[in-house]
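Please read the structure below before turning to the comments.
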Amino acid sequence: MALDFGQSTFRFAAPVGKKWQLSDLAGKRIATSYTELLSKYLTEANISATLVPLDGAVESAIRLGVADVIADVVSTGNTLRQAGLEVFGEPITKSEAILITRPGVKLEGSLDTLVRRVKGVVTARQYVLMDYDCPTAVLDKACAITPGFESPTISPLKKEGWVAVRSMVLKKDIHKVMDDLFNLGAKGILVTDIKACRL
Numbered sequence: 000m001a002l003d004f005g006q007s008t009f010r011f012a013a014p015v016g017k018k019w020q021l022s023d024l025a026g027k028r029i030a031t032s033y034t035e036l037l038s039k040y041l042t043e044a045n046i047s048a049t050l051v052p053l054d055g056a057v058e059s060a061i062r063l064g065v066a067d068v069i070a071d072v073v074s075t076g077n078t079l080r081q082a083g084l085e086v087f088g089e090p091i092t093k094s095e096a097i098l099i100t101r102p103g104v105k106l107e108g109s110l111d112t113l114v115r116r117v118k119g120v121v122t123a124r125q126y127v128l129m130d131y132d133c134p135t136a137v138l139d140k141a142c143a144i145t146p147g148f149e150s151p152t153i154s155p156l157k158k159e160g161w162v163a164v165r166s167m168v169l170k171k172d173i174h175k176v177m178d179d180l181f182n183l184g185a186k187g188i189l190v191t192d193i194k195a196c197r198l
């Protein structure tokens, strides 16, 4: 299960402004802490280069004169920029934190509880709770925009011809959904973060 944090990429980087291409790596010295992974990638790309194995501070290898290019794990890119480097080419690989178990293992007891809780937090980070007041005349259209997990919660309002609607909405879609609801005639559109859930 992807945990939605710890995202990073394994990338090539070189001094800023040189505009390297993948083909430029042929015959060059490439510093990395991941020689096996890089060797496999270069073999598949049919590129012959010299790998310089390092156990850390890979971004210093070019400045120290031990490499022409580096291949390193990049998250924000700040360390590379501070070293006067920039990434080039497509990512060699991408990664993120995941939760795994051995095949065939049955989740029971506290392990099942842990996995359920982690899933709840991961899911909660992807969604928001959206509340809005909606004219009953357009309720079906509004519910089509915010279908929720099972269905939206609909409560009557004191004002005749209006209902209150509550639904889970994907966080990445909130602005479009809010605009669509507003254009439909919905009012009082509110968004609340969800900390955890069980679905």
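The sequence shown begins at 0 in numbering that gives the first Met the number 0 and counts up by one.
Think of the CB as a built atom: it goes at the ideal place given N, C-alpha and C, for glycine as much as any other residue.
| Query | Result |
| --- | --- |
| Assumed close pair methionine 129, isoleucine 188 - CB separation to whole angstroms, cut-off 8 Å | 7 Å |
| Given isoleucine 97 as reference, the closest of Thr49, Glu58, Val190 and Gly5 once Cα atoms are compared | Gly5 |
| Contact under 9 Å by Cβ, glutamate 95 with aspartate 3 | yes |
| Which of helix, strand or coil DSSP assigns to threonine 100 | coil |
| In DSSP terms, what tyrosine 126 is bridged to | Leu169 |
| Whole-angstrom C-beta distance between alanine 163 and serine 154, which should lie under 8 Å | 5 Å |
| Delimiting residues of the beta strand (DSSP E) encompassing lysine 186 | 186-192 |
| Terminal residues of the alpha helix (DSSP H) in which leucine 41 lies | 34-43 |
| Exposure of glutamate 159, with buried meaning 16 or more beta-carbon neighbours within 10 Å | exposed |
| With 16 other Cβ atoms within 10 Å as the buried cut-off, status of aspartate 139 | exposed |
| Endpoints, the beta strand (DSSP E) within which threonine 152 is located | 152-155 |
| Leucine 169 versus glycine 147: straight-line alpha-carbon distance, rounded | 9 Å |
| 6 Å Cβ shell around leucine 106 - same chain, five flanking residues per side excluded | Val114 |
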